[in-house]
Structures are given as C-alpha cells and as structure tokens.
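So the structure is just underneath, and the comments pick up after that.
In the working numbering, the protein residues as written are 673 to 1038.
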C-alpha cells in the first residue's frame, strides 16, 4: 500500500513538473467542452434491419436547426442570466376580511380617502343623501339599478330592484392609513319600506362586490396620479369649532368640538401645514412628539440639482444640539378634545411657546 501511495505521489510530481497540458489544455482530458455544440451536426436516423417491426422512435434530445455555424470560431461565453424584474409593489388599497366582515385598508389619510371614495360613488350615479364628514360617514339615497352605472348595477345584482349604501371611513391603526367599511341595503322596486341600518352586514356578497369595485377604482386613480380637493380634505376632519383658551392655571390650550379620531387626524394635518417636525407619535396616548427647531418632513419634495450639490444634510449631533422638543397632547374632555403643549408628561411648556404653537395649529385647522 505504501509503495502504491509513493508511485501516485511520484506521478503527480512528474505531471506537475512537466506541465498539465494533457489534463487541462485544449486537448486535455478535462478540457472545456462549453463550445462543443457549435460543431454538432445531425446524423441520419437509426436504420432497423430488414424484417424487423419496431414502433417509431423519436429523438429524445433533438438538435435544433441552424445551431452549427461554420463561421463561428473560438470559444463561446455563455451569457449570464438576466436579473429578475423587481417584485411588483403591493397595492396601496387591499381588502381585508375576518369573521366580523370585510373592509378596505388604504395607505392614505382619511381625508384623502373621504374625498376619493365620495367621488367614486357620485361618478357612478349614486346620489348622496346624507353625509357627516366629522364622523367619516355618508349614505346614498334609494335608487333603482337603471339610475346608477350599468356595470356596477350588474355587479351588485340590483337591475330590477333598489339599493342604497352607507360608507364609514375610520383612521387606521398606523398613521396616514384608513379603513373603509361599506354596508348595502336592497329592496324590491316600488317598495316604500325604509329599513333601518343594521349593525352588521345583511348581504355579504353585495358588500364584497362594492368593496372590490371601490378598490379597483381607487387603485386606478392612484396609478393615474389622481388628486383630490384640498378643501374636501379639510372639510373631512376639520373640527366644527376651535377655541384657544386657558386652563385654570393660565396655561394655553385648544378646545376642539369633535371626537378623538377626527381630532387626531386634523392635528396631524395641522402640524404638517404649520411646518412643525414630528419626531414620533403615540396614538394610544394621544401624543405627537415634535421638534420646533426643525421643519416638517416633506417626502414628496425633492431637492433640486444645485441644492444637492451645494448643501449638506445636518447630522444627528447637529440636530440634537439645536433641538426644541415638546409634546402636543390630546386629551378627551366629555364631547370635546383638549390640545396642550408640554415639555413632558409632568411639565407644561412655557406659556409664550405654547401660545405661539397652538395659534399656528389653530390657523391650520379651519
């Protein structure tokens, strides 16, 4: 065994000193066969001896025509595979479902969704019977299938009857998201019965069809760059009354006549409009953490060429050094919402700073 190992080692040494062309060269045993197919050619099919009967044989690996090319010479480098296309981004509008029903989730603020959703129904022939922007609800009148969009009427199955719809839009769990709930009612054509709105869906298929049509329309509008009226956005969550007052200790505060959801949405919009930077937020506590020394983040605004060329973004140390951090706090008080500016949960902000900030918010809430 030792002698065999020694002979093997000797053979390897001889091959190493005398060159490896017989192994790796163009005529070597382990030569590159990547271009051999260029010289491939098709041979006549196999001939069966006379007197033998066999079923026809199809070639398992037929050589494609016009592969061999006498003009091709040298080695051929197989091209690298093309990179896969990026995954298609998920839509900003998706239908969610649970045992309690179905609803549409939108990665848009409630104000934007309110205007776009209302426009979807009016564009399809629905007549708005009642709307309450402060609570994010509107409902349509009883209408025959012939009075609304024909394709939508077929989807809803109300060609021969009447239907009405109630839409409710609520702020989503995350900031600048919305949840859209749809409830539809049907009755026979000519009926005068006016059933009350139920607590839950009475026709899940009808509601599903409406949500699917609404999702398609909102997605198409977003892809086409559709915009909504800024006035409509302000009408959605603007409180019916905003008063700048003071508490018993003389600390300034805003009093909003609205519910918490609309107040939270409207204060967030007012902070953006007032150019106040929001570092963080906690909806369950009703707190916006703001930095008065910085302007609001505006992701839609991109710096120009010269701005990128001659300006530099401040680092975090510079931002922290000049920061003026406060908390805009929303507190429920009966049927009103109180808005105050605090240093932290235990310390109120200086009166002059609080008044200046709350006045700017009040100007952008109307």
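Glycine included, each C-beta is placed from N, C-alpha and C at the ideal position.
Inter-residue spacing [alpha-carbon to alpha-carbon] between residue i and residue j
| i | j | result |
| --- | --- | --- |
| residue 1009 | residue 926 | 8 Å |
| residue 1023 | residue 923 | 6 Å |
| residue 769 | residue 1032 | 41 Å |
| residue 935 | residue 1034 | 12 Å |
| residue 993 | residue 965 | 10 Å |
| residue 946 | residue 963 | 12 Å |
| residue 980 | residue 953 | The pLDDT assigned to residue 980 is 46, lower than 50, so where the model puts this residue is not dependable; a value taken from the coordinates is nonetheless given after this. Cα to Cα, residue 980 sits roughly 30 Å from residue 953. |
| residue 789 | residue 813 | 16 Å |
| residue 815 | residue 867 | 14 Å |
| residue 627 | residue 941 | Since the first residue of the chain shown is 673 and the last is 1038, residue 627 is not available in this structure. |
| residue 861 | residue 967 | 57 Å |
| residue 1028 | residue 990 | 24 Å |
| residue 939 | residue 864 | 43 Å |
| residue 700 | residue 712 | 20 Å |
Burial state of residue i, where buried means 16 or more other Cβ atoms lie within 10 Å
| i | result |
| --- | --- |
| residue 723 | exposed |
| residue 702 | exposed |
| residue 892 | exposed |
| residue 957 | exposed |
| residue 937 | buried |
| residue 960 | buried |
| residue 911 | buried |
| residue 720 | exposed |
| residue 1020 | buried |
| residue 879 | buried |
| residue 1026 | buried |
| residue 843 | buried |
Residue i and residue j closer than 8 Å at C-beta
| i | j | result |
| --- | --- | --- |
| residue 798 | residue 804 | no |
| residue 824 | residue 796 | yes |
| residue 783 | residue 764 | no |
| residue 871 | residue 827 | no |
| residue 830 | residue 817 | yes |
| residue 894 | residue 792 | no |
| residue 1012 | residue 997 | no |
| residue 850 | residue 781 | yes |
| residue 883 | residue 839 | no |
| residue 834 | residue 858 | yes |
| residue 1014 | residue 999 | yes |
Cross-strand partners of residue i (DSSP beta bridge)
| i | result |
| --- | --- |
| residue 816 | 834 |
| residue 1003 | 1010 |
| residue 638 | The structure shown has nothing for residue 638, since the chain only spans 673 to 1038. |
| residue 927 | 915, 1010 |
| residue 670 | As shown, the chain starts at 673 and ends at 1038. That puts residue 670 outside it, with no answer to give. |
| residue 1020 | 1014 |
| residue 939 | Residue 939 is not bridged to any residue. |
| residue 843 | 850 |
Residue i in three-state terms, based on DSSP
| i | result |
| --- | --- |
| residue 916 | strand |
| residue 978 | A caution first: residue 978 carries a pLDDT of 41, below 50, which makes its placement in the model unreliable, though a value can still be read off. In this structure, residue 978 counts as helix in the three-state DSSP scheme. |
| residue 802 | strand |
| residue 944 | helix |
| residue 853 | strand |
| residue 859 | strand |
| residue 950 | strand |
| residue 811 | strand |
| residue 720 | coil |
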